[in-house]
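Here is the structure we will look at, set down as structure tokens.
Number of protein chains: 2
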Amino acid sequence: MGEAPVRIGLLGCGTVGAALAQLIVDESDDIRARTGLVLQVARVGVRDLTKDRGPLFDASVLTTDVASIVTDPDIDIVVEVMGGIHPTKELILDALKAGKPVITANKELLAHEGPDVFAAAEAASVDLLFEAAVAGGIPLVRPMRESLLGERVEVILGIVNGTTNYILTRMTEAGASYADALAEAQAHGYAEADPTADVEGLDAAAKIAILASIAFGVQVTADDVHHEGITRITADDIAYARRKGHVIKLVAVAERAGPGVADGIAVRVHPVLLPTTHPLASVRESFNAVFVQGRAVGDLMFYGRGAGGEPTASAVLGDLIDAATNQRQGSSASLGVLGTATISSIDDLEAEYYVSLDVVDQPGVLAAVAGAFGAHGISISSMEQEGRGDGARLVFVTHVARERAVRATLAELEQLDAVALIGSVIRVLPTEVSS
Amino acid sequence: MGEAPVRIGLLGCGTVGAALAQLIVDESDDIRARTGLVLQVARVGVRDLTKDRGPLFDASVLTTDVASIVTDPDIDIVVEVMGGIHPTKELILDALKAGKPVITANKELLAHEGPDVFAAAEAASVDLLFEAAVAGGIPLVRPMRESLLGERVEVILGIVNGTTNYILTRMTEAGASYADALAEAQAHGYAEADPTADVEGLDAAAKIAILASIAFGVQVTADDVHHEGITRITADDIAYARRKGHVIKLVAVAERAGPGVADGIAVRVHPVLLPTTHPLASVRESFNAVFVQGRAVGDLMFYGRGAGGEPTASAVLGDLIDAATNQRQGSSASLGVLGTATISSIDDLEAEYYVSLDVVDQPGVLAAVAGAFGAHGISISSMEQEGRGDGARLVFVTHVARERAVRATLAELEQLDAVALIGSVIRVLPTEVSS
Chain A
323 MGEAPVRIGL
333 LGCGTVGAAL
343 AQLIVDESDD
353 IRARTGLVLQ
363 VARVGVRDLT
373 KDRGPLFDAS
383 VLTTDVASIV
393 TDPDIDIVVE
403 VMGGIHPTKE
413 LILDALKAGK
423 PVITANKELL
433 AHEGPDVFAA
443 AEAASVDLLF
453 EAAVAGGIPL
463 VRPMRESLLG
473 ERVEVILGIV
483 NGTTNYILTR
493 MTEAGASYAD
503 ALAEAQAHGY
513 AEADPTADVE
523 GLDAAAKIAI
533 LASIAFGVQV
543 TADDVHHEGI
553 TRITADDIAY
563 ARRKGHVIKL
573 VAVAERAGPG
583 VADGIAVRVH
593 PVLLPTTHPL
603 ASVRESFNAV
613 FVQGRAVGDL
623 MFYGRGAGGE
633 PTASAVLGDL
643 IDAATNQRQG
653 SSASLGVLGT
663 ATISSIDDLE
673 AEYYVSLDVV
683 DQPGVLAAVA
693 GAFGAHGISI
703 SSMEQEGRGD
713 GARLVFVTHV
723 ARERAVRATL
733 AELEQLDAVA
743 LIGSVIRVLP
753 TEVSS
Chain B
323 MGEAPVRIGL
333 LGCGTVGAAL
343 AQLIVDESDD
353 IRARTGLVLQ
363 VARVGVRDLT
373 KDRGPLFDAS
383 VLTTDVASIV
393 TDPDIDIVVE
403 VMGGIHPTKE
413 LILDALKAGK
423 PVITANKELL
433 AHEGPDVFAA
443 AEAASVDLLF
453 EAAVAGGIPL
463 VRPMRESLLG
473 ERVEVILGIV
483 NGTTNYILTR
493 MTEAGASYAD
503 ALAEAQAHGY
513 AEADPTADVE
523 GLDAAAKIAI
533 LASIAFGVQV
543 TADDVHHEGI
553 TRITADDIAY
563 ARRKGHVIKL
573 VAVAERAGPG
583 VADGIAVRVH
593 PVLLPTTHPL
603 ASVRESFNAV
613 FVQGRAVGDL
623 MFYGRGAGGE
633 PTASAVLGDL
643 IDAATNQRQG
653 SSASLGVLGT
663 ATISSIDDLE
673 AEYYVSLDVV
683 DQPGVLAAVA
693 GAFGAHGISI
703 SSMEQEGRGD
713 GARLVFVTHV
723 ARERAVRATL
733 AELEQLDAVA
743 LIGSVIRVLP
753 TEVSS
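Keeping their order, the protein sequence lines are chains A and B. For the record, in the first sequence the residue sitting at position 88 is 410 according to the numbering used here, with numbers rising by one throughout. For the record, in the second sequence the residue sitting at position 297 is 619 according to the numbering used here, with numbers rising by one throughout.
Shown next, in the form of structure tokens:
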């Protein structure tokens, strides 16, 4: 076992970077005993040299010249936790070209520039590991890349955004309104002052793009992902779901499209009604979980903390030990060459739909509304009316219908005088992935 | 990418072996496209050459001379799915000595002879992979060995036996008795005609021994594991648990012992009362799940099919691709050198206990029973009496108490005339692992 330390160049030193540096110190004896590796944070690229970083770093390892780290011949492995797309991408490409393994926790970068970065790692035959970029501390990327490499993954269904899962949990368990639950999430630090990226599904879209790339071996970027958020979900929707033995969760979905769409895959983020017996239904608070269906392996689920400094640093550390071990053995992990993806349009999605409408309670309303569904070939599985008079609300659940037809129906419903407001439109999880 | 096939020697061709051979054929195009590997089942060791194995194998690859496979210079990788301890152990040791990576799904072997086999792999610097030996298709061993190598795992809590989980699920959801639920499990093929290994916790004990070895980097064998089964659990116990917001699950536990037990670990299998909000509580039917608490990463859970030909074969295939990739790169995975474990005695366990007693309903009974607890320093958290007269039943839940004191109390209770029967004694999951 080599005793020469593995010299790490750390790009960025925020919450995750500092937690990682601390973990490397705390676990150094165990890591050395079990792997023979001595990890050393040799250089740290920061924006501000004057910031107090406690006793963890000697001032001499800090530099604002981040670019010099990735080409420093004394640096063995680069860890990128600075975030952003530029100049981060260029720094990572330079590091890979210089033959240095790169560990990154940067989901935006991989979701938008993944194909370039993956190809650069492949060309250089150098490790590019990114466990922390998808689901924080949950070991998910390595199992997908390695354990399931011979498995035909059919569906991935993930709760990969802790903020929205926290909000929906509070709405479900405490009967909170969306606005109150969001405020609570902000007070706990689970949601940003501007929560857009979380509540509109953008964060989840980035993560499912990365997961789909690994699972299906094709190039998928965040731009390929249809996304809808949770801002229109009401306490009424949640109460209805509960009465029917369901919960509402924001899920990121990647699946192989059905017959007729050769090589196609579907990737999207939206709320779903999920039976309470589904493994994802009991994922509460800010936890994340990813449910995977494979042809041979059946149902799998991976559960844990999708964010936070320490869980994320734990994932980075796992990658770091892996990359250092590979480097010592002269080997590297490969993603293979990613093919081109054919992305199935959301218009072609087939699902059951929950549709809630505020209507004027007068004779003939139901006939008019039902007529609109029927005119587009959509049959109704159940209908309930709640309340009377001006506050009346109709809730429909359709049989399996095509998204395109549902949208056409909604456009028609909008024109009806009796329909005051189209409320939530939520897909119901198809039973074949309800386990 | 090398085009020479990876020649696999398959030891045993039962359910898992046949499913693996089929998977290798079905997924060959995908595996080749993504890894460049061409997998070929070159020789198959069987007991009976005359058995019809369908069109999957050419007769020429079958042999009863199993020992010749592991030393055959034309075999690149050995897959052991024959089971048993002897001569399987000797075959695996011979394969490792011959420099051949070994994939095994054999939990009995690893749980009883693990230290020898792990040491042989380490000495030969050859892969010994065994994802399928612990939790069937669930990617668990690789994440534990690799992703969490830098993580200080504090507690592992696993539902790792599908038979008992199925029985307990039926008792919980359908109100079935233990006997009826067992009969149902047998009818579904989830339980053997002789269910002892499952229902007495032996199967789970073997699995947690392997998991503890990996997680803590020490030698743990099945003999180190205190185990109790589910045969004495009654519908009354389950009903009580449900009223209190709990479920009863058979769990396999491995944890670092508390202060005062240097380097010690505790490994055991027994039923627990688990709050319904715990992630393991919603693991239903014959599914398995392993809950892990790490110092930095927090709570994790891995969920899926713990048994069955196809899920198990999927795990073997993942290992096979890993070993073949490593072999191509001239590298290998290492478990490190396993230290000696100090196993904490079950007598020193501290937990809350659920104790159910059938008593004669007469004045003074409660005082006598409560007195026995008090005499051993155990304080009572709650008591309920169910029924009257001769069928009366007392249910106690204690505050945290030491196992040794609980056993002494039970011995004393057994001597009381008023106590007709000591029913179930079930540990309550300590709140610190209730997440």
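Beta carbons are placed, not taken as given, at the ideal position from N, Cα and C, and that holds for glycine.
Distance between aspartate 380 of chain A and serine 447 of chain A, taken at the CA atoms: about 33 Å. Interface with chain A (8 Å Cβ-Cβ cutoff): glutamine 651 of chain B is included. DSSP places proline 593 of chain A inside the beta strand (DSSP E), whose first and last residues are 586 to 597. What leucine 471 of chain B touches in chain A, judged by beta-carbon distance under 7 Å, is Arg356, Thr357, Gly640 and Ile643, going in chain order.
Distance from the Cα of histidine 434 of chain B is smallest, within the candidate group B:Arg627, B:Gly458 and B:Gly405, for B:Gly405. With contacts defined by Cβ atoms closer than 8 Å, proline 461 of chain B and proline 465 of chain A form a contacting pair. For the 8 Å CB-CB criterion, valine 363 of chain B and isoleucine 391 of chain B do not form a contact. The beta carbons of arginine 365 of chain A and aspartate 398 of chain A sit no closer together than 8 Å. Closer than 7 Å at the C-beta level to chain A, one finds these residues of the segment 607 to 636 of chain B: Gly616, Ala618, Val619, Gly620, Asp621, Leu622, Met623, Phe624, Tyr625, Gly626, Arg627, Glu632, Pro633, Ala635 and Ser636. Per DSSP, reduced to three states, the secondary structure at serine 654 of chain B is coil, with no helix or strand assignment. Residues of chain B whose Cβ lies closer than 7 Å to the Cβ of isoleucine 460 of chain A are, in chain order, Leu622. Interface annotation for the segment 413 to 432 of chain B against chain A: empty, criterion Cβ-Cβ distance under 9 Å.
Cβ atoms of histidine 592 of chain B and arginine 749 of chain B come within 8 Å of each other, at about 6 Å. Setting aside the 5 residues that flank it on each side, lysine 419 of chain B is surrounded in the same chain by Ala442 and Ala446, each with a C-beta closer than 8 Å to its C-beta; the list follows chain order. Separation of arginine 578 of chain B and arginine 492 of chain A (C-alpha to C-alpha, rounded to the nearest whole angstrom) is 34 Å.
Judged by pairs of C-beta atoms under 8 Å, the segment 648 to 667 of chain B does not touch the segment 688 to 696 of chain B, as fewer than three such pairs exist.
With respect to chain A, the C-beta atom of leucine 345 of chain B has a partner C-beta closer than 8 Å.
Our two residues, serine 382 of chain B and leucine 333 of chain A, have alpha carbons roughly 57 Å apart in a direct line. Closer than 8 Å to the CB of proline 601 of chain A there is at least one CB belonging to chain B. Cβ contact annotation for valine 540 of chain B (same chain, cutoff 6 Å, sequence separation greater than five): Leu660, Gly661 and Ala663, in chain order.
For tyrosine 676 of chain B, no alpha helix (DSSP H) encloses it; the enclosing beta strand (DSSP E) starts and ends at 672 to 681. For glycine 658 of chain B, the neighbours in chain A by C-beta distance under 9 Å run, in chain order, Ala355, Arg356, Thr357 and Gly358. Contact annotation: the segment 614 to 622 of chain B touches the segment 635 to 647 of chain A, with at least three C-beta pairs closer than 8 Å. It is roughly 45 Å from the alpha-carbon of leucine 524 of chain B to the alpha-carbon of isoleucine 330 of chain A. From the listed residues B:Ala534, B:Ile478 and B:Thr553, the smallest Cα separation to aspartate 502 of chain B is found for B:Thr553. Within chain B, no C-beta atom comes nearer than 9 Å to that of aspartate 680 of chain A; the closest sits roughly 35 Å away. Taking a contact to require three or more Cβ pairs closer than 8 Å, the segment 496 to 513 of chain A and the segment 530 to 545 of chain A do not qualify as touching.
Between valine 682 of chain A and alanine 740 of chain A, the gap from beta carbon to beta carbon is short of 8 Å. Within the segment 535 to 546 of chain B, the residues whose Cβ lies closer than 7 Å to some Cβ of chain A are Gly539, listed in chain order. Here threonine 598 of chain B is exposed, its C-beta having fewer than 16 other C-beta atoms within 10 Å.
The beta carbon of lysine 429 of chain B sits closer than 7 Å to those of Ala455, Val456, Ala528, Lys529 and Ile532, all from its chain and outside the five residues before and after it, given in chain order. The three-state reading of DSSP puts serine 447 of chain A in coil, since its state is none of H, G, I, E or B. Annotation: the continuous alpha helix (DSSP H) that includes phenylalanine 538 of chain A extends over 524 to 538.
Spanning the alpha carbons of serine 678 of chain B and histidine 568 of chain B requires a straight line of approximately 16 Å. Residues Val573, Val575, Leu602, Phe613 and Val755 of the same chain have their beta carbon placed closer than 7 Å to that of leucine 479 of chain B, with the five preceding and five following residues left out of the count.
Between aspartate 558 of chain A and the set A:Val722, A:Tyr500, A:Val589 and A:Val521, the nearest pair of CA atoms involves A:Tyr500.
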